[in-house]
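**Q** Going by my numbering, the sequence shown opens with residue 18, and the numbers climb by one from there. Glycine residues also receive a C-beta, built at the ideal position from the N, C-alpha and C atoms. After the structure tokens below, expect a handful of questions from me.
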Amino acid sequence: MRYKGAIFDMDGVLFDTERIYQQTWQEIAAERGLSLSGGFLQAVSGTNGAQMRHVIEEYYHVSDGAPIIEQCMMRMKQKLSVHVPMKKGVQEILAFFQEQGIDIAVASSSSALRIESNLQITGIRDYFSKIVNGSEVTRGKPTPDIFLLAAKRLGHAPNTCSVFEDSVNGITAGHAAGCFTVMVPDLIAVSPSIKPLCSAICQDLGEAEEKIRRLITEHEIIP
């Protein structure tokens, strides 16, 4: 394949923030006397907008999920203003892509302000030429819209771009977009049903860099 662009999800891929989100969702549920079932993690991961509201309404047993989402986002803003934990191998793979002339984008369901803040705080903002946030597409993951828009902004066909994701919703979206999908599991284990949608499965971004470097060396992908 021709390899022109790399598109990264943010929470759980670039930053170890998905864990903090889940803790926050659980905090809010406990305050309401609720215990969120194991299905909540997979259902909410990678979502935004109407789909996230639907998930919150189902698991929190409310008619309008918007106030709970707003409460979670306010708490997350406070927590991440202090520290944003970066995942293993992030700076190395970004530097590698930059050296190879591969354009890099973030495509995250998070807000534009949260994405910019996390990238600035951790000092990696300059690696990314394009940023797409969840509010810029009508349909969120698992539909392919956010990755199609990211590829378009990079100026490359989706089948010349890789997508780095940790969630089932994200991998489903990347595969539907026609991208080279790299799953880097975070809180959700790789299920048999998602494996066929993954072009590669890596423990962390360091392993992903090694795999892509090898594919380039062996001319299986051409930058």
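1) Got a sec? Which residues, its chain only, sit under 8 Å from Pro202 by beta carbon, not counting five neighbours each side?
2) Can you tell me whether Val99 is helix, strand or coil according to DSSP?
3) Please report the straight-line C-alpha distance between Ser85 and Cys196, rounded to a whole angstrom.
4) Taking the alpha carbon of Gln59 as the reference point, which residue from Pro102, Lys21, Gln39 and Cys178 has its own alpha carbon closest?
5) Take Gly7 and list the residues in its own chain whose beta-carbon comes closer than 8 Å to its own, dropping the five residues that flank it on each side.
6) Go through its chain and collect everything with a Cβ distance to Gly82's Cβ below 6 Å, but skip five positions before and after it.
7) Going by other Cβ atoms of all chains shown within 10 Å of its Cβ, with 16 needed for buried, is His192 buried or exposed?
8) Nearer than 7 Å: is that true of the beta carbon of Gly82 relative to any heavy atom of the ligand GTP?
9) Assign Met200 to one of three DSSP states: helix, strand, or coil.
10) Smallest Cα separation from Ser146: which of Pro213, Asp26 and Asp120?
11) Using C-beta distances below 8 Å, list every residue in its chain close to Lys105, excluding the 5 sequence neighbours before and after it, in chain order.
12) Between the C-alpha atoms of Ala174 and Ile45, what's the straight-line distance to the nearest angstrom?
13) Taking 7 Å as the limit between beta carbons, can you name the residues of its chain near Gly22, skipping five residues before and five after?
14) Thinking C-alpha only, which one of Ser62, Tyr76 and Thr34 is nearest Leu53?
**A** This is what the structure holds:
1) Asp183, Ile218 and Gln220
2) helix
3) Before going further, note that residue 85 is Ile rather than Ser in the sequence given. Distance between the alpha carbons of Ile85 and Cys196 is about 33 Å.
4) Gln39
5) Coverage of the chain is limited to positions 18 through 240, which leaves residue 7 absent and any answer about it impossible.
6) Arg70, Ile73 and Glu74
7) buried
8) No copy of the ligand GTP appears in this structure; indeed no ligand is present at all.
9) strand
10) Asp120
11) Asp221, Leu222 and Gly223
12) 41 Å
13) Ile119, Asp120, Ala122, Ala168, Leu171, His173, Thr177 and Cys178
14) Tyr76
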